[in-house]
Amino acid sequence: MKKGDRALLTKAFSEQDVRLFAELSGDDNPVHLDKDYAQNTQFGQRIVHGMLVSSLITGLIGGKLPGHGCIYLGQTLSFKAPVYIDEEVQASVEVIHIREDKPIATLKTLCHKADGTVAIEGEAVVKFTQAQ
Numbered sequence: 386m387k388k389g390d391r392a393l394l395t396k397a398f399s400e401q402d403v404r405l406f407a408e409l410s411g412d413d414n415p416v417h418l419d420k421d422y423a424q425n426t427q428f429g430q431r432i433v434h435g436m437l438v439s440s441l442i443t444g445l446i447g448g449k450l451p452g453h454g455c456i457y458l459g460q461t462l463s464f465k466a467p468v469y470i471d472e473e474v475q476a477s478v479e480v481i482h483i484r485e486d487k488p489i490a491t492l493k494t495l496c497h498k499a500d501g502t503v504a505i506e507g508e509a510v511v512k513f514t515q516a517q
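For the sequence shown, the positions run 386 to 517 when our numbering is used.
What follows is the structure, encoded as structure tokens:
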């Protein structure tokens with residue numbers, strides 16, 4: 386692993402994904418689940434839970450970069466734009482810093498909508514194995 390390394394993951398969250406996440410997390414906010422309610426919000430329609438969208442970042446970190454064996458130490462997230470059900474979003478992680486004294490890296494984390502709009506941005510700090 387080196388500075389500048391990147392990994393990407395693209396997904397569109399379905400109705401079922403949103404309902405399952407609401408059940409698992411206990412977040413039953415009607416902006417995610419109730420069409421009539423959501424139509425009267427600033428979003429105009431139902432939105433995917435921000436934490437569900439940001440879970441793509443977890444998948445990238447644990448599965449691709451740095452990958453299996455790494456440990457999440459921290460994450461900041463800023464929610465910039467809503468993601469709607471069945472809307473494609475691409476998550477990315479990029480290594481922006483690696484400590485010289487310890488196997489700890491800082492990653493830039495982003496989720497972009499298909500039109501390029503940033504939906505979520507942040508930074509993650511991870512501990513990685515020497516083999517990574």
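Heads up, the beta-carbon is just placed ideally off N, CA and C, and yes, glycines get one too.
Taking buried to mean at least 16 other C-beta atoms within 10 Å of its own C-beta, is Leu405 buried or exposed? Under this definition Leu405 is an exposed residue.
Assuming Tyr422 is part of the alpha helix (DSSP H), what are its boundary residues? Segment Lys420 to Gln424, the alpha helix (DSSP H) holding Tyr422.
In angstroms with no decimal places, state the Cα-to-Cα distance between Met386 and Val478. Here the alpha carbons of Val478 and Met386 stand approximately 12 Å from one another.
When you compare only the Cα positions, how much space is there between Ala423 and Val433? Between the alpha carbons of Ala423 and Val433 lies a gap of roughly 11 Å.
Since Leu343 and Glu506 are thought to touch, with beta carbons under 8 Å apart, how far apart are those beta carbons, to the nearest angstrom? Residue 343 lies beyond the range of the chain shown here (386 to 517); nothing can be said about it.
Limits of the unbroken alpha helix (DSSP H) element including Ile446: Element bounds for Ile446: Gly435 to Gly448.
Here's a check: name, in chain order, each residue in its chain whose Cβ is nearer than 7 Å to the Cβ of Lys358, leaving out the five neighbours to either side. Any property of residue 358 remains undetermined from this structure, which presents the chain solely from 386 to 517.
Less than 8 Å separating the beta-carbons of Gln515 and Pro488? Remark: C-beta atoms of Gln515 and Pro488 approach each other more closely than 8 Å.
Between Val480 and Asp402, is the Cβ-Cβ spacing less than 8 Å? Inclusion of Val480 and Asp402 in the CB contact set at 8 Å is not warranted, their separation being larger than that value.
If you draw a straight line from the alpha carbon of Thr426 to that of Pro467, how long is it in whole angstroms? One Cα belongs to Thr426, the other to Pro467, and the distance between them is close to 12 Å.
I'd like the list of long-range same chain contacts for Leu326, defined as Cβ closer than 8 Å, with 5 residues on each side in sequence excluded. No information on residue 326 is available, as it lies outside the stretch 386 to 517 that the chain covers here.
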